[in-house]
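Residue numbers (this note's numbering): 862 to 1015. Working notes, structure below.
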Amino acid sequence: MERSKKIVAPIVVVVADASVIVKWFVDEENTENALALRQLYIDGKVEIAVPHLLPYEVLNALRYNPEFGEEQVKIASKALEKYQLWLYPVLGDLAALCVQNSFAYGISLYDSSYISLAEYLDATLYTADERILAKVVMMKGKGENFRHISDLKI
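Quick look at the structure:
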């Protein structure tokens, strides 16, 4: 799927975690909202920023999905590459924030990388992971920066 060359200003940057991006390939609860986010990206209405580890997490989830074989995972890999999401290496200040948030919220560094990137970029994080969202909301309070994908207006 080709992305629109026209970017509509102002650019809104969001972070989407692997639980959302997987829904671009798998029909499950909240897939419609995840696809709506993808369409906003394709239309140039938002930019999607992700930690460098996102492709590994998405492809690993698809690899262990019984509906996906080797060829389907390879196709998904090529699709992820074509989307050209903004990939951020977890280094320097972002890495320090990941470690801090991992300990603060009692979550893995993998999960913390998405939360931390959203904080680092002052962007909204969309997730389908209710467990992680609940921990963050419990510690930080409900905010606009951390949202369940079902909250995306479609």
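Cβ coordinates follow ideal geometry from the N, Cα and C atoms, glycine included.
- Item | Sequence-distant residues of its chain with Cβ nearer than 6 Å to Pro916 (five each side left out) | Sequence index remark: in the sequence shown, residue 916 carries index 55 (1-based). Result list for Pro916: Leu941, in chain order.
- alpha helix (DSSP H) segment containing Phe964, residue limits: For the purposes of this step, residue 964 is taken as the residue at position 103 of the sequence shown. Looking at the DSSP string, the run of the alpha helix (DSSP H) that includes Phe964 is 953-966.
- Query: With which residues is Ile909 paired in a DSSP beta bridge?
  - Reply: Taking the sequence shown and counting its residues from 1, one reaches residue 909 at position 48. Bridge partners of Ile909: Val875.
- Task: Mind reading off the beta-carbon distance from Glu908 to Ile872? Whole number of angstroms is fine, and I expect it under 8 Å.
- Result: Numbered from 1 along the sequence shown, position 47 holds the residue referred to as residue 908. Numbered from 1 along the sequence shown, position 11 holds the residue referred to as residue 872. Yes, Glu908 and Ile872 are in contact; Cβ-Cβ is about 6 Å, under 8 Å.
- How is Leu914 classed by DSSP in three states: helix, strand or coil? Along the sequence shown, one-based indexing puts residue 914 at 53. Correct three-state label for Leu914: coil.
- Which residues in the same chain as Val876 place their Cβ atom closer than 8 Å to its Cβ, once the five residues preceding and following it in sequence are excluded? The residue given as residue 876 occupies position 15 in the sequence shown. Cβ neighbours of Val876 beyond the five flanking positions: Ile909, Ala910, Val911, Tyr975, Leu978, Ala979, Leu982, Ala984, Thr985, Leu986, Tyr987.
- Tyr971 and Leu914 look like a contact to me (Cβ under 8 Å); what is the Cβ gap, rounded to whole Å? In the sequence shown, the residue the question calls residue 971 occupies position 110. In the sequence shown, the residue the question calls residue 914 occupies position 53. Contact flag correct, Cβ pair sits at about 6 Å.
- Between the segment 952-967 and the segment 928-940, do at least 3 Cβ pairs fall closer than 8 Å? no
- Query: What is the rounded straight-line gap between the Cα of Tyr944 and the Cα of Leu901?
  - Reply: Locating residue 944 in the sequence shown gives position 83, where the first residue counts as 1. Locating residue 901 in the sequence shown gives position 40, where the first residue counts as 1. Their Cα atoms are separated by approximately 12 Å.
- Task: Return yes when the Cβ of Phe886 is within less than 7 Å of the Cβ of Ala965, no when it is not.
- Result: The sequence position of residue 965 within the sequence shown is 104, counting from 1. The sequence position of residue 886 within the sequence shown is 25, counting from 1. Contact: no.
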